[in-house]
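Note sheet for the following structure.
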Amino acid sequence: MEIYVYTPQGFETGGIELLHQLCSELNTYADINAYIWYRDMSKAYISDCYMKYGNIFKVTDLPPKGSVLIFPESVATQLHNKQYEGYTKVLFWESVYWYEYWIPKSQYLKFPDDVIHIAQSYYACEWLKRETNIDAIMVTDYLNDEYMNADLSKPRKRQILYNPKKGLDITTRIITQMPNEKFIPILDMTVSQVKALMEESMLYIDFGNHPGKDRIPREAAMCGCCVITNRKGSADNLIDVPIPSDYKFHECFMNLAISQMKFVLDNYNGCKYDFDDYREIIKNEKGWFKKDVEKLVSKLGVTE
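Residue numbering for the sequence shown follows our numbering, starting at 9 and increasing by one per position.
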């Protein structure tokens, strides 16, 4: 069986890394040849961090008929293209951002019955069932190996990290109300630079929309940071973001979140142990990923 994993070109994101992880794991099955699929190599950007997965890249407008095509949800409209008739099609819901926040419910796509749906988060699975009556197979991801060896013993600075691409309006309000604290945006950094910054920091905050199971909160926790989130999207459940409820806040109670942030900074040496269970869960994600992919492979009719 040949499987082509369609990969957006010119970007370096956690979602694209997950596509590489999936392709690599599919290739562990004897009866499967899986490829990263690009349409135009001149526009392709292959980051060094993806090369470690050992995937083979194929550049073609259209793979051979009878192949399995895996599309990320960002190009879901292509499933209705007649040129893809004669293929087994898989739609990978790495997030539900475009559907949940940009597309009116009246315009939700009606997917062909033969499309197999997989989702990166429990939140996405639940959303698909609730909004479109689609039953998706959960295929979660796992962190870059570099974060598995983070040094939790390093001295900590009283500083708060945040992702300026997520929930910046809320974060800006918090920064204004905490003028004596040091806030550092995670922006334009390599993996090694982000890891080093997290290893010396006390706290990571994330007040974004959480349309999927975000990587940065997990990376921060593995580097020894405490983590505080809102309760939007996947952050509202204990499967995607299994941190203690004392560290999750509805945005109407930001004063409580600020109080907790100050408490963490004042009591980091005690609070850091509240995330021990979270770190153990993250360490096991690669094993769960393999089991998730096994379910997809079974759905495709492959046995090993």
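Each residue gets a CB set at the ideal place from its N, CA and C atoms; glycine is no exception.
query	result
If you reduce the DSSP assignment to three classes, tell me which class E10 lands in.	strand
Quick one, which of L273, D196, I44, T198 has its alpha-carbon nearest I213's?	L273
I need the DSSP call for C231, collapsed to helix, strand or coil.	coil
Under the three-state reduction of DSSP, which class applies to A84: helix, strand or coil?	helix
Three or more C-beta pairs closer than 8 angstroms, one from the segment 239-247 and one from the segment 190-202: is that the case here?	no
Count the CB pairs spanning the segment 58-78 and the segment 179-191 that are closer than 8 angstroms, and state whether there are at least three.	no
Nearest to A132 by CA position, among D48, D222, P71, is which residue?	D222
Can you tell me whether DSSP reads T184 as helix, strand or coil?	helix
By alpha-carbon positions, which one of D153, E93, V83 ends up nearest to Y107?	V83
Of the choices Y43, L246, T36, whose alpha-carbon is the least far from that of Y130?	L246
Would you call the CB atoms of Y276 and C234 closer than 8 angstroms?	yes
Let's test the definition: count the other Cβ atoms within 10 Å of the Cβ of V67 and tell me whether it reaches 16, buried, or not, exposed.	exposed
Smallest Cα separation from K138: which of V104, Y170, D149, D159?	Residue 138 is actually Arg in this sequence, not Lys. Of the listed residues, the one whose Cα sits closest to R138 is V104.
For S209, list the residues DSSP reports as bridge partners.	K165
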